[in-house]
Amino acid sequence: MVVATGPAGRIYGRTTNAHTCTGDGVAAAYDAGALLKDLEFVQFHPTALLESGILITEGARGEGGILKNVLGERFMGKYAPHVLDLASRDVVSRAIVTEVR
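Just so we're aligned, residue 62 is where the sequence shown starts under this note's numbering, counting upward by one.
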């Protein structure tokens, strides 16, 4: 049996998920005795406003938006030299985490 529920992004401290994405479906399935699998696979949008968590759509990068670090330097060339700021979400997410650390 497969039970598919909505997202659970609000379990993280910083997320672009709606406030209703709390994982209630997963919790209900667990409480009913379901075996949970692959919960580590979560989709993240890498670009958002820091304080509010409001999503900055990938379309912004598609229209020429660029990512800069706290020094005002473009950094995606180090992580995706051929596509720069148009890299996939996973590549951009890892690059941002690396730059922040």
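For every residue, glycine included, the Cβ atom is placed at its ideal position computed from N, Cα and C.
In this text, all values refer to a predicted model and were calculated from it rather than measured experimentally.
- DSSP, reduced to helix, strand and coil, places L116 within a strand of the structure shown.
- Taking the Cβ atoms as the reference, R150 lies roughly 22 Å from H80, outside the contact range of under 8 Å.
- Per DSSP, the continuous alpha helix (DSSP H) segment holding T159 begins and ends at 150 to 161.
- At least 7 Å separates the beta-carbon of R122 from that of K129.
- Distance from the CA of L97 to the CA of L132, rounded to the nearest whole angstrom, comes to 43 Å.
- K129 carries a strand assignment under DSSP once its states are collapsed to helix, strand and coil.
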